[in-house]
Amino acid sequence: MIILLLSYLIEFQKWDKVAKDLDAQADLDDAAEKSAADKALGKDKAVLSEDHKKEILKAEQARLAKIALDKQRELEENSKAVITSLPSNSTSLLIDDTYLQSKKVLCLKGVSGPGVITVRTKNPLIKVFVDDCVSNLSLVIDSQILTSHIEIHRTSDFNLTLIKKVSTVQLDVSERVNVEYGDDLFSGDDDRLYFAGVSDLKVLYMGSELTADYKKDGASRVNEATEEEYQFVIWSDSGSLKKDSLMRVGNKFLTGSTIENSNLDKVSRLAIAKEKINEALQHKADGNGSFEQGEYGQAVLFYTMAIDKVKGSSSPTKTPAKGPSLLAACLANRSACFLKLGHHAEALADGSECAEVEPGYIKGHFRMGLALHAMGRFKEALESLERARGLEPGNKQVKDAMKFAEVKLEMEMRKRMS
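Position one of the sequence shown corresponds to residue 25 (this note's numbering), numbered consecutively onward.
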(Lines of atoms letter the chains of each structure in order from A and count residues from 1; the text may use other names and numbers.)
(Lines give C-alpha, C1' and ligand atoms only; values in the text may rest on other atoms or scores of the structure.)
Protein backbone atom coordinates (compact mmCIF):
# COMPACT_ATOMS: atom_id res chain seq x y z
CA MET A 1 0.00 0.00 0.00
CA ILE A 2 2.88 2.38 0.85
CA ILE A 3 4.61 1.64 -2.47
CA LEU A 4 1.37 2.19 -4.32
CA LEU A 5 0.74 5.43 -2.44
CA LEU A 6 4.27 6.65 -3.23
CA SER A 7 3.74 5.93 -6.91
CA TYR A 8 0.58 7.99 -6.77
CA LEU A 9 2.40 10.79 -4.95
CA ILE A 10 5.11 10.89 -7.62
CA GLU A 11 2.44 11.53 -10.20
CA PHE A 12 0.35 13.74 -7.97
CA GLN A 13 1.88 16.99 -9.21
CA LYS A 14 0.14 16.34 -12.49
CA TRP A 15 -3.26 16.47 -10.80
CA ASP A 16 -3.75 20.23 -10.72
CA LYS A 17 -3.49 20.30 -14.48
CA VAL A 18 -5.35 17.03 -14.93
CA ALA A 19 -8.21 18.23 -12.71
CA LYS A 20 -8.67 21.20 -15.02
CA ASP A 21 -8.15 19.32 -18.28
CA LEU A 22 -9.88 15.99 -17.61
CA ASP A 23 -13.14 17.63 -18.54
CA ALA A 24 -12.06 19.19 -21.82
CA GLN A 25 -13.13 16.25 -23.95
CA ALA A 26 -15.92 15.09 -21.63
CA ASP A 27 -18.91 16.51 -23.48
CA LEU A 28 -19.41 18.78 -26.34
CA ASP A 29 -21.39 16.14 -28.20
CA ASP A 30 -20.31 12.69 -29.41
CA ALA A 31 -19.07 14.05 -32.74
CA ALA A 32 -16.63 16.38 -31.00
CA GLU A 33 -15.39 13.56 -28.75
CA LYS A 34 -14.86 11.27 -31.75
CA SER A 35 -12.95 14.02 -33.53
CA ALA A 36 -10.64 14.41 -30.53
CA ALA A 37 -10.06 10.66 -30.39
CA ASP A 38 -9.32 10.47 -34.14
CA LYS A 39 -6.83 13.28 -33.77
CA ALA A 40 -5.02 11.50 -30.93
CA LEU A 41 -4.77 8.37 -33.07
CA GLY A 42 -3.60 10.25 -36.16
CA LYS A 43 -6.67 9.24 -38.15
CA ASP A 44 -7.71 12.74 -39.09
CA LYS A 45 -4.74 14.04 -41.10
CA ALA A 46 -6.69 14.24 -44.37
CA VAL A 47 -9.74 15.60 -42.62
CA LEU A 48 -7.67 18.21 -40.83
CA SER A 49 -6.13 19.27 -44.13
CA GLU A 50 -9.57 19.71 -45.68
CA ASP A 51 -10.83 21.44 -42.54
CA HIS A 52 -7.85 23.77 -42.66
CA LYS A 53 -8.76 24.80 -46.20
CA LYS A 54 -12.34 25.42 -45.12
CA GLU A 55 -11.18 27.50 -42.15
CA ILE A 56 -8.97 29.63 -44.42
CA LEU A 57 -11.91 30.17 -46.78
CA LYS A 58 -14.23 31.03 -43.87
CA ALA A 59 -11.69 33.48 -42.47
CA GLU A 60 -11.36 35.22 -45.84
CA GLN A 61 -15.13 35.39 -46.24
CA ALA A 62 -15.41 36.84 -42.74
CA ARG A 63 -12.73 39.42 -43.54
CA LEU A 64 -14.52 40.52 -46.72
CA ALA A 65 -17.86 40.60 -44.92
CA LYS A 66 -16.36 42.83 -42.21
CA ILE A 67 -15.00 45.22 -44.84
CA ALA A 68 -18.42 45.41 -46.50
CA LEU A 69 -20.11 45.91 -43.13
CA ASP A 70 -17.69 48.67 -42.15
CA LYS A 71 -18.36 50.45 -45.44
CA GLN A 72 -22.09 50.13 -44.93
CA ARG A 73 -21.80 51.53 -41.40
CA GLU A 74 -19.71 54.42 -42.69
CA LEU A 75 -22.36 55.22 -45.30
CA GLU A 76 -25.07 55.06 -42.66
CA GLU A 77 -23.15 57.37 -40.32
CA ASN A 78 -22.56 59.84 -43.13
CA SER A 79 -26.29 59.87 -43.87
CA LYS A 80 -27.20 60.91 -40.30
CA ALA A 81 -27.90 64.42 -39.10
CA VAL A 82 -27.26 64.33 -35.35
CA ILE A 83 -28.64 67.12 -33.15
CA THR A 84 -27.37 67.30 -29.58
CA SER A 85 -28.61 70.73 -28.48
CA LEU A 86 -30.78 73.68 -29.36
CA PRO A 87 -29.08 76.80 -30.75
CA SER A 88 -27.63 79.03 -28.07
CA ASN A 89 -29.99 81.75 -26.86
CA SER A 90 -32.90 80.14 -28.69
CA THR A 91 -35.73 77.79 -27.82
CA SER A 92 -36.58 76.81 -31.39
CA LEU A 93 -34.91 75.07 -34.30
CA LEU A 94 -36.15 74.56 -37.87
CA ILE A 95 -34.87 71.46 -39.64
CA ASP A 96 -35.20 72.03 -43.40
CA ASP A 97 -33.41 70.79 -46.53
CA THR A 98 -30.66 73.38 -46.17
CA TYR A 99 -30.01 72.35 -42.58
CA LEU A 100 -29.88 68.63 -43.44
CA GLN A 101 -27.53 69.03 -46.43
CA SER A 102 -28.85 65.90 -48.19
CA LYS A 103 -28.74 63.79 -45.03
CA LYS A 104 -31.74 61.49 -44.74
CA VAL A 105 -31.74 60.22 -41.15
CA LEU A 106 -32.48 62.59 -38.28
CA CYS A 107 -31.17 61.78 -34.78
CA LEU A 108 -31.98 63.83 -31.69
CA LYS A 109 -29.56 62.74 -28.99
CA GLY A 110 -29.33 64.21 -25.51
CA VAL A 111 -31.18 67.42 -26.41
CA SER A 112 -32.53 69.38 -23.42
CA GLY A 113 -35.48 71.75 -23.51
CA PRO A 114 -37.44 73.77 -23.09
CA GLY A 115 -37.76 74.25 -26.81
CA VAL A 116 -39.38 73.20 -30.09
CA ILE A 117 -37.73 71.43 -33.01
CA THR A 118 -39.76 71.55 -36.22
CA VAL A 119 -38.91 69.24 -39.12
CA ARG A 120 -40.18 70.70 -42.41
CA THR A 121 -38.47 69.45 -45.56
CA LYS A 122 -39.45 69.08 -49.22
CA ASN A 123 -37.30 65.99 -49.62
CA PRO A 124 -38.44 63.02 -47.54
CA LEU A 125 -36.44 61.65 -44.64
CA ILE A 126 -35.77 57.95 -44.17
CA LYS A 127 -36.17 57.70 -40.41
CA VAL A 128 -36.23 59.71 -37.17
CA PHE A 129 -34.62 58.67 -33.87
CA VAL A 130 -34.99 60.37 -30.48
CA ASP A 131 -32.71 59.25 -27.65
CA ASP A 132 -32.12 60.57 -24.13
CA CYS A 133 -33.91 63.89 -24.64
CA VAL A 134 -35.33 65.72 -21.60
CA SER A 135 -36.86 68.86 -20.10
CA ASN A 136 -39.96 69.85 -22.03
CA LEU A 137 -38.65 69.34 -25.53
CA SER A 138 -41.19 69.28 -28.38
CA LEU A 139 -40.71 67.71 -31.81
CA VAL A 140 -43.04 68.61 -34.70
CA ILE A 141 -42.94 66.37 -37.78
CA ASP A 142 -44.12 68.19 -40.91
CA SER A 143 -42.15 66.08 -43.41
CA GLN A 144 -42.67 62.79 -45.16
CA ILE A 145 -40.76 59.88 -43.64
CA LEU A 146 -40.18 57.10 -46.17
CA THR A 147 -40.18 54.30 -43.59
CA SER A 148 -43.10 55.98 -41.79
CA HIS A 149 -41.28 55.11 -38.56
CA ILE A 150 -40.13 57.09 -35.50
CA GLU A 151 -38.24 55.57 -32.54
CA ILE A 152 -38.04 57.22 -29.11
CA HIS A 153 -35.83 55.83 -26.31
CA ARG A 154 -34.92 56.86 -22.75
CA THR A 155 -36.67 60.21 -23.08
CA SER A 156 -38.72 62.23 -20.58
CA ASP A 157 -40.94 65.33 -20.58
CA PHE A 158 -41.27 65.11 -24.35
CA ASN A 159 -43.99 66.12 -26.82
CA LEU A 160 -44.35 64.66 -30.31
CA THR A 161 -46.75 66.31 -32.77
CA LEU A 162 -47.39 64.61 -36.12
CA ILE A 163 -48.60 66.87 -38.91
CA LYS A 164 -47.59 64.37 -41.60
CA LYS A 165 -48.35 60.65 -41.71
CA VAL A 166 -46.24 58.33 -39.54
CA SER A 167 -47.58 54.78 -39.36
CA THR A 168 -45.35 53.47 -36.58
CA VAL A 169 -44.14 55.15 -33.41
CA GLN A 170 -42.02 53.00 -31.06
CA LEU A 171 -41.56 54.28 -27.49
CA ASP A 172 -39.22 52.52 -25.05
CA VAL A 173 -38.18 53.17 -21.43
CA SER A 174 -39.45 56.74 -21.25
CA GLU A 175 -41.72 58.84 -19.05
CA ARG A 176 -44.09 61.78 -19.32
CA VAL A 177 -44.45 61.63 -23.10
CA ASN A 178 -47.31 63.15 -25.12
CA VAL A 179 -48.03 62.07 -28.71
CA GLU A 180 -50.55 64.06 -30.76
CA TYR A 181 -51.72 62.92 -34.19
CA GLY A 182 -53.15 65.31 -36.79
CA ASP A 183 -56.64 64.72 -38.16
CA ASP A 184 -57.04 61.44 -40.09
CA LEU A 185 -53.37 60.53 -39.52
CA PHE A 186 -54.00 57.60 -37.17
CA SER A 187 -56.81 55.71 -38.87
CA GLY A 188 -55.06 53.21 -41.16
CA ASP A 189 -55.00 49.47 -40.53
CA ASP A 190 -51.23 49.60 -39.99
CA ASP A 191 -51.12 52.76 -37.88
CA ARG A 192 -49.82 51.80 -34.46
CA LEU A 193 -48.02 53.21 -31.44
CA TYR A 194 -45.98 50.56 -29.63
CA PHE A 195 -44.51 51.10 -26.19
CA ALA A 196 -42.54 49.20 -23.55
CA GLY A 197 -41.34 50.45 -20.18
CA VAL A 198 -43.13 53.79 -20.64
CA SER A 199 -44.88 55.55 -17.77
CA ASP A 200 -47.26 58.52 -17.92
CA LEU A 201 -47.92 58.36 -21.66
CA LYS A 202 -50.71 60.42 -23.24
CA VAL A 203 -51.99 59.97 -26.81
CA LEU A 204 -54.28 62.55 -28.46
CA TYR A 205 -56.23 62.01 -31.68
CA MET A 206 -59.39 63.60 -33.13
CA GLY A 207 -60.59 64.79 -29.72
CA SER A 208 -59.95 61.39 -28.13
CA GLU A 209 -57.40 61.03 -25.34
CA LEU A 210 -55.80 57.87 -23.96
CA THR A 211 -53.35 57.53 -21.07
CA ALA A 212 -51.04 54.58 -20.55
CA ASP A 213 -48.49 53.35 -18.02
CA TYR A 214 -46.68 50.05 -18.37
CA LYS A 215 -46.91 49.20 -14.65
CA LYS A 216 -50.53 50.25 -14.22
CA ASP A 217 -51.44 48.44 -17.44
CA GLY A 218 -50.14 45.13 -16.09
CA ALA A 219 -46.63 44.69 -17.46
CA SER A 220 -45.05 41.55 -16.06
CA ARG A 221 -42.04 39.33 -16.54
CA VAL A 222 -42.55 36.82 -19.35
CA ASN A 223 -39.92 34.08 -19.53
CA GLU A 224 -36.58 35.93 -19.78
CA ALA A 225 -38.13 39.33 -20.63
CA THR A 226 -38.32 42.02 -17.93
CA GLU A 227 -41.32 44.21 -17.08
CA GLU A 228 -39.74 47.05 -19.06
CA GLU A 229 -39.64 44.83 -22.15
CA TYR A 230 -43.32 43.90 -21.96
CA GLN A 231 -44.94 45.32 -25.10
CA PHE A 232 -48.18 47.26 -25.51
CA VAL A 233 -49.90 48.68 -28.57
CA ILE A 234 -52.25 51.65 -29.12
CA TRP A 235 -54.42 52.13 -32.22
CA SER A 236 -57.53 53.92 -33.40
CA ASP A 237 -60.87 52.21 -34.01
CA SER A 238 -63.33 54.56 -35.73
CA GLY A 239 -61.70 57.54 -34.04
CA SER A 240 -61.66 55.92 -30.60
CA LEU A 241 -58.25 55.09 -29.14
CA LYS A 242 -57.66 51.50 -28.01
CA LYS A 243 -54.89 49.90 -25.96
CA ASP A 244 -53.82 46.28 -25.40
CA SER A 245 -50.86 44.15 -24.45
CA LEU A 246 -48.85 42.56 -27.22
CA MET A 247 -47.39 39.05 -27.11
CA ARG A 248 -45.32 37.02 -29.51
CA VAL A 249 -46.95 33.76 -30.63
CA GLY A 250 -44.63 31.81 -32.88
CA ASN A 251 -43.57 34.27 -35.57
CA LYS A 252 -46.55 36.57 -35.02
CA PHE A 253 -47.47 39.28 -32.52
CA LEU A 254 -51.00 39.08 -31.13
CA THR A 255 -52.83 41.34 -28.71
CA GLY A 256 -53.75 39.97 -25.30
CA SER A 257 -57.47 40.13 -26.08
CA THR A 258 -56.99 38.21 -29.33
CA ILE A 259 -55.15 35.48 -27.46
CA GLU A 260 -57.78 35.39 -24.74
CA ASN A 261 -60.68 35.26 -27.20
CA SER A 262 -59.05 32.53 -29.29
CA ASN A 263 -57.99 30.65 -26.14
CA LEU A 264 -54.56 30.08 -27.73
CA ASP A 265 -54.90 26.39 -28.49
CA LYS A 266 -52.36 23.71 -27.77
CA VAL A 267 -50.88 23.85 -31.27
CA SER A 268 -49.96 27.54 -30.84
CA ARG A 269 -48.39 26.89 -27.46
CA LEU A 270 -46.34 24.05 -28.89
CA ALA A 271 -45.24 26.33 -31.74
CA ILE A 272 -43.94 28.86 -29.22
CA ALA A 273 -42.12 26.14 -27.27
CA LYS A 274 -40.62 24.65 -30.43
CA GLU A 275 -39.26 28.02 -31.47
CA LYS A 276 -37.56 28.48 -28.10
CA ILE A 277 -36.04 24.99 -28.26
CA ASN A 278 -34.69 25.62 -31.76
CA GLU A 279 -33.10 28.85 -30.55
CA ALA A 280 -31.64 27.00 -27.56
CA LEU A 281 -30.14 24.34 -29.83
CA GLN A 282 -28.48 27.03 -31.92
CA HIS A 283 -27.06 28.74 -28.82
CA LYS A 284 -25.76 25.37 -27.61
CA ALA A 285 -24.07 24.74 -30.96
CA ASP A 286 -22.47 28.20 -30.79
CA GLY A 287 -21.30 27.42 -27.27
CA ASN A 288 -19.74 24.16 -28.43
CA GLY A 289 -17.87 26.01 -31.16
CA SER A 290 -16.54 28.60 -28.72
CA PHE A 291 -15.46 25.88 -26.27
CA GLU A 292 -13.53 24.04 -28.96
CA GLN A 293 -11.74 27.30 -29.82
CA GLY A 294 -10.79 27.81 -26.18
CA GLU A 295 -13.11 30.82 -25.83
CA TYR A 296 -14.61 29.65 -22.54
CA GLY A 297 -16.08 32.98 -21.45
CA GLN A 298 -17.91 33.33 -24.76
CA ALA A 299 -19.09 29.74 -24.48
CA VAL A 300 -20.57 30.51 -21.05
CA LEU A 301 -22.65 33.29 -22.60
CA PHE A 302 -23.99 31.01 -25.34
CA TYR A 303 -24.83 28.19 -22.90
CA THR A 304 -26.52 30.69 -20.59
CA MET A 305 -28.73 31.90 -23.44
CA ALA A 306 -29.56 28.29 -24.30
CA ILE A 307 -30.44 27.50 -20.67
CA ASP A 308 -32.66 30.59 -20.44
CA LYS A 309 -34.51 29.57 -23.60
CA VAL A 310 -35.06 26.01 -22.38
CA LYS A 311 -36.30 27.17 -18.98
CA GLY A 312 -38.68 29.56 -20.73
CA SER A 313 -40.23 26.69 -22.67
CA SER A 314 -42.79 24.22 -21.40
CA SER A 315 -42.07 21.68 -24.12
CA PRO A 316 -40.07 18.46 -23.67
CA THR A 317 -36.38 19.22 -23.77
CA LYS A 318 -35.03 15.87 -24.87
CA THR A 319 -32.37 16.08 -27.54
CA PRO A 320 -31.89 13.15 -29.95
CA ALA A 321 -33.21 9.81 -28.71
CA LYS A 322 -31.22 8.27 -25.88
CA GLY A 323 -29.38 11.55 -25.30
CA PRO A 324 -29.53 13.77 -22.23
CA SER A 325 -32.12 16.49 -21.97
CA LEU A 326 -31.12 19.77 -23.58
CA LEU A 327 -31.15 21.52 -20.21
CA ALA A 328 -28.91 18.89 -18.61
CA ALA A 329 -26.46 18.97 -21.53
CA CYS A 330 -26.19 22.77 -21.45
CA LEU A 331 -25.71 22.83 -17.68
CA ALA A 332 -22.96 20.21 -17.95
CA ASN A 333 -21.28 22.13 -20.76
CA ARG A 334 -21.42 25.43 -18.89
CA SER A 335 -20.01 23.70 -15.83
CA ALA A 336 -17.09 22.53 -17.99
CA CYS A 337 -16.47 26.12 -19.05
CA PHE A 338 -16.50 27.33 -15.46
CA LEU A 339 -13.97 24.65 -14.55
CA LYS A 340 -11.71 25.88 -17.34
CA LEU A 341 -12.08 29.46 -16.11
CA GLY A 342 -11.35 28.47 -12.50
CA HIS A 343 -14.84 29.44 -11.30
CA HIS A 344 -15.29 26.32 -9.21
CA ALA A 345 -18.35 27.39 -7.20
CA GLU A 346 -20.26 28.14 -10.41
CA ALA A 347 -19.09 24.85 -11.91
CA LEU A 348 -20.37 23.02 -8.83
CA ALA A 349 -23.74 24.80 -8.99
CA ASP A 350 -24.25 23.85 -12.63
CA GLY A 351 -23.10 20.28 -12.04
CA SER A 352 -25.47 19.95 -9.08
CA GLU A 353 -28.42 21.31 -11.05
CA CYS A 354 -27.56 19.03 -13.95
CA ALA A 355 -27.54 15.99 -11.64
CA GLU A 356 -30.82 17.11 -10.12
CA VAL A 357 -32.48 17.61 -13.51
CA GLU A 358 -31.22 14.28 -14.82
CA PRO A 359 -29.80 11.96 -12.13
CA GLY A 360 -28.93 9.29 -14.70
CA TYR A 361 -26.67 11.60 -16.70
CA ILE A 362 -23.04 10.92 -15.76
CA LYS A 363 -21.64 14.32 -16.59
CA GLY A 364 -23.54 16.18 -13.91
CA HIS A 365 -21.97 13.99 -11.21
CA PHE A 366 -18.57 14.09 -12.92
CA ARG A 367 -18.55 17.90 -13.07
CA MET A 368 -19.54 18.02 -9.40
CA GLY A 369 -16.65 15.74 -8.54
CA LEU A 370 -14.10 17.85 -10.40
CA ALA A 371 -15.42 21.10 -8.92
CA LEU A 372 -15.44 19.72 -5.38
CA HIS A 373 -11.90 18.41 -5.83
CA ALA A 374 -10.71 21.82 -7.04
CA MET A 375 -12.34 23.36 -3.95
CA GLY A 376 -10.46 20.97 -1.66
CA ARG A 377 -13.60 19.03 -0.66
CA PHE A 378 -12.10 15.65 -1.48
CA LYS A 379 -14.48 13.41 0.44
CA GLU A 380 -17.50 14.98 -1.25
CA ALA A 381 -15.68 14.82 -4.57
CA LEU A 382 -15.24 11.07 -4.17
CA GLU A 383 -18.94 10.68 -3.37
CA SER A 384 -19.91 12.46 -6.58
CA LEU A 385 -17.36 10.55 -8.63
CA GLU A 386 -18.60 7.29 -7.12
CA ARG A 387 -22.08 8.11 -8.40
CA ALA A 388 -20.59 8.81 -11.82
CA ARG A 389 -18.74 5.48 -11.79
CA GLY A 390 -21.95 3.72 -10.85
CA LEU A 391 -23.51 5.04 -14.06
CA GLU A 392 -20.52 4.13 -16.26
CA PRO A 393 -18.23 1.63 -14.50
CA GLY A 394 -15.76 1.55 -17.38
CA ASN A 395 -15.30 5.31 -17.77
CA LYS A 396 -11.53 5.93 -17.63
CA GLN A 397 -11.82 9.65 -16.90
CA VAL A 398 -13.92 8.94 -13.84
CA LYS A 399 -11.49 6.25 -12.65
CA ASP A 400 -8.50 8.57 -13.04
CA ALA A 401 -10.28 11.38 -11.22
CA MET A 402 -11.17 9.04 -8.36
CA LYS A 403 -7.60 7.82 -8.12
CA PHE A 404 -6.22 11.34 -7.72
CA ALA A 405 -8.97 12.33 -5.30
CA GLU A 406 -8.21 9.29 -3.14
CA VAL A 407 -4.53 10.24 -3.04
CA LYS A 408 -5.35 13.81 -2.07
CA LEU A 409 -7.76 12.66 0.63
CA GLU A 410 -5.15 10.25 1.99
CA MET A 411 -2.59 13.06 2.12
CA GLU A 412 -5.05 15.32 3.90
CA MET A 413 -5.83 12.65 6.50
CA ARG A 414 -2.14 11.96 7.13
CA LYS A 415 -1.51 15.67 7.53
CA ARG A 416 -4.25 15.92 10.14
CA MET A 417 -2.85 12.95 12.05
CA SER A 418 0.73 14.22 12.05
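Don't be surprised by glycine CBs; every beta carbon is placed ideally from N, CA and C.
Looking at the backbone, the Cα of Ser376 and that of Gly311 are separated by about 20 Å. In this structure Asn357 is buried. Its beta-carbon is surrounded by 16 or more other beta-carbon atoms within 10 angstroms. Of the candidates Ala220, Arg178 and Leu228, Leu228 places its Cα closest to the Cα of Asn202. A distance below 9 Å separates the beta carbons of Arg178 and Val197. When DSSP states are grouped into helix, strand and coil, Cys354 belongs to the helix group.
In the three-state reduction of the DSSP assignment, His307 falls in the helix class. His397 places its beta carbon less than 9 Å from that of Ala429. Judged by DSSP in its simplified three-state form, Lys151 adopts strand. The DSSP assignment places complete beta strand (DSSP E) segments of no fewer than 3 residues inside the stretch 210-237 at 216-220, 223-229 and 232-236, in order along the chain.
Judged by DSSP secondary structure, Cys131 falls within the beta strand (DSSP E) whose first and last residues are Val129 to Lys133. Inter-residue distance for Cys354 and Ala360 is about 10 Å (C-alpha atoms, whole angstroms). Lys423 and Gly366 have their C-alpha atoms spaced approximately 22 Å apart. The C-beta separation of Tyr218 from Tyr238 comes to about 12 Å, leaving the pair out of contact by the 8 Å criterion. By a beta-carbon distance limit of 8 Å, Val143 contacts Val164. Their separation comes to about 7 Å. It is roughly 20 Å from the alpha-carbon of Ser232 to the alpha-carbon of Ser162. Beta-bridge analysis with DSSP links Phe182 to Leu161 and Val201. Rounded to whole angstroms, Ala373 and Leu363 show a C-alpha spacing of 11 Å. Gly139 is bridged by DSSP to Leu161.
Sixteen is the threshold: since fewer than 16 other Cβ atoms of the shown chains lie within 10 Å of the Cβ of Gly384, the residue is exposed. In the DSSP annotation of this structure, the continuous segment of the beta strand (DSSP E) that includes Glu175 starts and ends at His173 to His177. Here DSSP, grouped into helix, strand and coil, assigns Leu433 to helix. Taking a contact as a CB-CB distance under 8 Å, the pair Glu175 and Phe153 counts as one, their CB atoms being some 5 Å apart.
The beta carbons of Ile107 and Ile141 sit closer together than 9 Å. Sorting Met230, Asp207 and Ser223 by C-alpha distance to the C-alpha of Lys240 places Ser223 at the top. By the criterion of a C-beta distance shorter than 7 Å, Ser172 is surrounded in its chain by Lys189, Val190, Ser191 and Thr192, once the five residues flanking it on both sides are discounted.
Assigned with DSSP and collapsed to three states, Gln85 falls in helix. The C-alpha of Glu98 is placed about 24 Å away from the C-alpha of Lys82. By the criterion of a C-beta distance shorter than 6 Å, Asp215 is surrounded in its chain by Ser191, once the five residues flanking it on both sides are discounted. DSSP, reduced to helix, strand and coil, places Gln168 outside both helices and strands of the structure shown, so it counts as coil. Cβ neighbours of Ala352 within its own chain (closer than 6 Å, five residues either side excluded): Cys378, Val381, Glu382 and Tyr385.
One Cα belongs to Asp94, the other to Gly313, and the distance between them is close to 25 Å. Excluding its 5 nearest sequence neighbours in each direction, Leu132 has C-beta neighbours in its own chain below 6 Å: Ile107, Val154 and Cys157, listed in chain order.
With a cutoff of 9 Å on beta-carbon distance, Met399 and Arg413 are scored as not near each other. Annotation: Asp121 is outside any beta strand (DSSP E); the continuous alpha helix (DSSP H) that includes it extends over Asp121 to Leu124.
For Asp332, the closest of Ala220, Lys420 and Asn302 by C-alpha to C-alpha distance is Asn302. By the neighbour-count criterion, in which 16 or more other beta carbons inside 10 Å mark a residue as buried, Ser112 falls on the exposed side.
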